[in-house]
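So the structure is just underneath, and the comments pick up after that.
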Amino acid sequence: MMEIALPSLGLEPQDFHLGVLQTYDPMRIVFLGPPGSGKGTQAQRLKDYLQIVHLSTGEMLRQAHEAGTTLGIEAARFMNAGQLVPDDMVVRIVADRIRENDCQRGCLFDGFPRTVPQAQALDQLLTQRGTPLNLVIALEVSEPLLVERLLARGRADDDQQTIRERFRQYSRQTQPLLDYYASRGVLARIVAEGCPDDVFEQIRAAVETAAGAPK
Ligand code: ADP
Numbered sequence: 019m020m021e022i023a024l025p026s027l028g029l030e031p032q033d034f035h036l037g038v039l040q041t042y043d044p045m046r047i048v049f050l051g052p053p054g055s056g057k058g059t060q061a062q063r064l065k066d067y068l069q070i071v072h073l074s075t076g077e078m079l080r081q082a083h084e085a086g087t088t089l090g091i092e093a094a095r096f097m098n099a100g101q102l103v104p105d106d107m108v109v110r111i112v113a114d115r116i117r118e119n120d121c122q123r124g125c126l127f128d129g130f131p132r133t134v135p136q137a138q139a140l141d142q143l144l145t146q147r148g149t150p151l152n153l154v155i156a157l158e159v160s161e162p163l164l165v166e167r168l169l170a171r172g173r174a175d176d177d178q179q180t181i182r183e184r185f186r187q188y189s190r191q192t193q194p195l196l197d198y199y200a201s202r203g204v205l206a207r208i209v210a211e212g213c214p215d216d217v218f219e220q221i222r223a224a225v226e227t228a229a230g231a232p233k
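For the sequence shown, the residue numbers in my numbering are 19 to 233.
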């Protein structure tokens with residue numbers, strides 16, 4: 019099979035199969051939502067739809083732990099207690115990741131930022147690169163439904179006590195981000211209690227609005 023080189027555009031053959039590159043300019047999107055809100059599932063779907071990098075800090079930290087790096091081992095102590103990993107550690111791994119080439123074509127931040135200092139660090143990193151955030155999607159689900167979903171999932175950090183602690187951290191540390199991003203005019207709130215298809219349709223609509231009319 020003949021290889022077609024596309025170095026000047028930085029495109030790969032697989033970039034063409036959905037035709038989305040003709041529709042949207044590269045976007046930087048943040049996903050916010052409490053544990054169990056379906057954030058991971060929806061972020062994955064949006065990543066497939068837009069063909070952009072899915073950057074999950076939870077996933078990156080779990081991988082670092084599996085690889086046995088110093089950062090990963092240190093981070094696991096906080097994760098297993100349901101606490102947030104310190105800002106400087108998380109900002110460091112995100113800063114390294116967004117320097118990689120594939121992020122030039124857009125990036126979907128899942129689980130980051132989780133605190134106002136992280137949001138400020140992200141703004142600074144992106145502004146330096148001349149590529150500010152386009153959209154923040156906040157998934158909203160009532161707490162009883164969240165608990166039900168998390169207990170059904172049963173990941174290592176999904177026992178009752180750790181779940182309660184993660185909620186506390188979310189409302190204390192992450193909820194203030196809603197005001198932070200609302201005041202910047204980039205926030206889209208989405209009620210995420212319906213089936214995954216319904217939720218995704220709302221997300222798609224928010225992305226379309228943020229991207230402007232398709233070209
Ligand atoms: P969930 O959304 O269910 O909490 P994640 O995979 O996003 O799952 O995160 C799991 C854990 O990883 C968190 O409870 C936290 O300890 C750590 N973590 C992930 N992202 C961050 C972040 N941006 N800042 C601090 N800690 C983080």
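All residues carry an ideal CB built from backbone N, CA and C; glycine is no exception.
Because the structure is a prediction, the values reported are computed rather than measured.
Count the CB pairs spanning the region 155 to 162 and the region 86 to 104 that are closer than 8 Å, and state whether there are at least three. no
Can you list, in chain order, the residues of its chain whose CB lies under 7 Å from that of V17, leaving out five sequence neighbours each side? The requested residue 17 is not part of the displayed model; the chain covers only 19 to 233.
Stretch pair the region 205 to 212 + the region 65 to 72: three plus CB contacts closer than 8 Å: no
Beta carbon of Y188, beta carbon of P104: below 9 Å? Cβ distance not < 9 Å, so Y188 and P104 don't count as in contact.
Below 8 Å, is the gap between the Cβ of Q65 and the nearest heavy atom of the ligand ADP? Residue identity check: residue 65 is Lys in the sequence provided, not Gln. No, the Cβ of K65 stays beyond 8 Å of every heavy atom of the ligand ADP.
Return helix, strand or coil for A224, following the three-state DSSP convention. helix
Let me know the alpha helix (DSSP H) ranges lying completely inside the region 111 to 182, each 4 residues or longer, listed in chain order. 134 to 146 and 161 to 171
Proximity below 9 Å, CB of I116 to CB of L143: Contact flag set, yes.
Using a threshold of 8 Å, is the CB atom of E92 nearer than that to any non-hydrogen atom of the ligand ADP? no
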